[in-house]
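These protein sequence lines are chains A and B, in that order. Using numbering that gives the first Met the number 0, you'd call the opening residue of the first sequence number 0 and step up by one each time. Using numbering that gives the first Met the number 0, you'd call the opening residue of the second sequence number 0 and step up by one each time. Don't be surprised by glycine CBs; every beta carbon is placed ideally from N, CA and C.
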Amino acid sequence: MREPIGVEDHQRSRYVCEPLHLLDYCLINDGAACVIVTTAERARDLKQAPVYISGMQGLPGGSEEFIWAYPGLGVLQQSVFDYEAGLQPVYRMAGVTPKDIDALFTYDAFSIVAWIALERFGFCKLGEAASFTQNGRIEVGGELPMNTHGGLLSEAHIMGWNHQVEIVRQLRGQCGLRQVKDAEVIQWANAYGDSIIYHK
Amino acid sequence: MAESESRYEKPLPAITSLNQPYWEALKRHELRMQRCDQCGRIWYPPAPLCPGCWSRKFTWTQLSGRGRVSAWVVFHQAYFRAYEKDIPYNVVEVELDEGPRILANLLDVKNSDIHAGMAVEVFFDDVTDSITLAKFKPRAS
């Protein structure tokens, strides 16, 4: 997408599966992304400034897990999961809390999945993501910038790899007009539960 | 009203040895799901073992057919040509009184009147001579 999209544009776009409008859906495209992962020692000698991985966690399993949302929300699930938002292993491994995150990147094949990630990882309480994301909070310059490259909704659907590329560029200070000022710790956090925390 | 297989153009379920008792019960206008003989959990969709305790021993148990709407959407796009005349049509997730959740259409309601917690009961829709689908209608709560 190359033109700015406002709330009115979103509201005017047709419904596909109500309550989702066309602009709540990601793009369908071809594309590729590349990341090079190596040891900190080897990275030291490379031309580009390294970005470090300080914590990570994979997709959690269990009978109440459901791949499109948080636990307990699927058709097969029958109980409400007892959340420990903000206490996930990824934060312990990285030695940070959600309050330390300078920007958040999340899988956004549909706009609502970004809300679920915010609630699951403890950036706001359950059911509060819709109000949390109002008034510029997730814009560049806001309290928690999200998907500054446009994400799957607006840049391209490359399964989230384009998010990892943008995180690296942000931490290197290569993002120009969309640069998050003084970004030092950036998190990838997915509604389904996987996460990586990067730092400068 | 039942239509012959050739006139009903929407997708029909694939009957397997695992789900056959579910579809045979619907044909008799009964809603039956697997109930774990060990822990008592009732689950849907059909599965070879209990998602709660992994026991393989279960009994196909008749349910009340009553529940509440826990989520819903309204399709404005016809992904199959046979649905073109139905759009916009709803798909609701019903949480049955016995616990399991099931996806279905909610009949006899304006889409704009659907809400979470809405009390509903099953309606058996004989869509072909051999297949009956579980759908739902509002009921007094």
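* **Residues of its chain near S54 (chain B), where Cβ-Cβ distance is below 6 Å and the 5 sequence neighbours each way are ignored** => C35 and Q37
* Are the C-beta atoms of G116 (chain B) and some chain A residue less than 8 Å apart? -> no
* To do: Write down the C-beta distance between A190 (chain A) and V112 (chain A) rounded to the nearest angstrom, noting that I regard them as a contact closer than 8 Å.
  => 4 Å
* Which of the residues in the segment 26-48 of chain B, read from start to end, lie with their CB under 9 Å from any CB of chain A? -> R40, I41, W42, Y43, P44 and A46
* To do: Specify whether the segment 95-103 of chain A and the segment 126-135 of chain A touch according to this definition: at least 3 beta carbon pairs, one from each stretch, less than 8 Å apart.
  => no
* Since S62 (chain A) meets chain B, which of its residues come closer than 8 Å, beta carbon to beta carbon? -> P50 and G51
* **Contact set between R55 (chain B) and chain A, taken where Cβ atoms lie within less than 7 Å** => None at all; the shortest Cβ gap to chain A is about 15 Å.
* Establish whether the CB of L105 (chain B) and some CB of chain A are separated by less than 8 Å. => no
* Asked: Candidates A:D193, A:L21 and A:I4: which alpha carbon is nearest G57 (chain A)'s?
  -> A:D193
* Measure from the alpha carbon of L17 (chain B) to the alpha carbon of each residue in B:Y43, B:K9, B:R27 and B:L11, then state which is nearest. => B:Y43
* Asked: When the cut-off is 8 Å and only beta carbons count, does E17 (chain A) lie next to chain B?
  -> yes
* Asked: DSSP state of R31 (chain B), grouped into three classes?
  -> strand
* To do: Would you kindly work out how many angstroms separate the C-alpha atoms of F57 (chain B) and V74 (chain A), rounded to a whole number?
  => 20 Å
* alpha helix (DSSP H) segment containing S110 (chain A), residue limits -> S110 to R119
* Below 9 Å between beta carbons is the criterion; list the residues of the segment 67-79 of chain A that meet it against any residue of chain B, in chain order. => L72, G73, V74, L75, Q76, Q77 and S78
* Asked: When you compare only the Cα positions, how much space is there between Q87 (chain A) and Y24 (chain A)?
  -> 28 Å
* Could you list which residues in chain B have their beta carbon closer than 7 Å to that of Y14 (chain A), in chain order? => H75
* Which word fits F135 (chain B), buried or exposed, when buried means at least 16 other C-beta atoms lie within 10 angstroms of its C-beta? -> buried
* Quick one: what does DSSP say F122 (chain A) is sitting in, helix, strand or coil? -> coil
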